[in-house]
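To keep things clear, I will list the structure first and then write my remarks on it.
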Amino acid sequence: NAILSTYDLLAVQPTTEKLFQAACKTYEVDIISLDMGSRLPFYLKQPMVNLAISRGLYFEICYGPAIRDQSTRRHLISNAAALIRVTKGKNVIISSEALKAMEVRGPYDVINLYVLCLPPPPPRAPGMGFDNRN
Numbered sequence: 003n004a005i006l007s008t009y010d011l012l013a014v015q016p017t018t019e020k021l022f023q024a025a026c027k028t029y030e031v032d033i034i035s036l037d038m039g040s041r042l043p044f045y046l047k048q049p050m051v052n053l054a055i056s057r058g059l060y061f062e063i064c065y066g067p068a069i070r071d072q073s074t075r076r077h078l079i080s081n082a083a084a085l086i087r088v089t090k091g092k093n094v095i096i097s098s099e100a101l102k103a104m105e106v107r108g109p110y111d112v113i114n115l116y117v118l119c120l121p122p123p124p125p126r127a128p129g130m131g132f133d134n135r136n
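Numbering (our numbering), first residue to last: 3 to 136.
Dropping the structure here:
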């Protein structure tokens with residue numbers, strides 16, 4: 003398509019599970035953006051997400067709506083945690099989707115949001131030290 007060739011990145015925001023599966027399996031897109039401000043109408047399933055990652059697709063988390071509304075903030079944290087858990091932190095983009103300049107956050111605030119959504123580390127046995135040989 004001549005119009006699509008003029009863009010470098012193409013993103014979709016699926017609203018149903020069927021569209022999400024099509025985006026993961028067949029659509030020629032670069033980014034799958036999910037509406038994190040409300041409860042997702044479907045569960046993020048590991049096989050579908052892994053297929054999208056293997057195809058080189060990225061998932062987008064937009065934090066801007068969470069700044070505007072408290073209930074949206076709760077949904078964002080819950081949905082982002084589910085996405086990061088399923089993707090294991092791979093191929094995730096965090097963007098602002100800000101409507102005003104005041105909604106844009108600094109890089110450390112965005113990193114803190116990402117860390118907030120990470121699953122807790124596995125418990126360690128008492129007396130077990132840290133291994134810094136990574």
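In this text, a Cβ means the ideal position worked out from N, Cα and C, and glycines have one as well.
For residue i, which residues does DSSP report across the bridge?
i, result
"C64", "S97"
Of all the options the options, which has the alpha carbon lying nearest to the alpha carbon of residue i?
i, options, result
"Y110", "I96, V88, S40", "I96"
"C119", "A100, R87, R107", "R87"
"N114", "I5, A83, Y9, K20", "A83"
"P49", "Q23, L6, L78", "Q23"
"R75", "V51, E105, G39, D10", "G39"
"E19", "I34, Q72, P43, A4", "P43"
"R41", "V117, N81, K90", "N81"
"L21", "K92, T8, L36", "L36"
"K92", "S73, R57, A103, A4", "R57"
In three-state terms, what does DSSP make of residue i?
i, result
"S35", "strand"
"A25", "helix"
"A13", "strand"
"L6", "helix"
"T89", "helix"
"S73", "helix"
"S56", "helix"
"P109", "helix"
"S40", "coil"
Within 8 angstroms of any Cβ in chain D, is that where the Cβ of residue i sits?
i, result
"T17", "Given the protein chain composition of this structure (a single chain), no chain D is represented."
I'd like to check one pair, residue j with residue i: are the Cβ atoms closer than 8 angstroms?
i, j, result
"V14", "F61", "no"
"L46", "L85", "yes"
"I69", "E105", "yes"
"I33", "A54", "no"
"T89", "V51", "yes"
Exercise for review: Assess, as a yes-or-no matter, whether the region 20-29 is touched by the region 64-71 under the definition of 3 or more beta carbon pairs within less than 8 angstroms.
Suggested key: no
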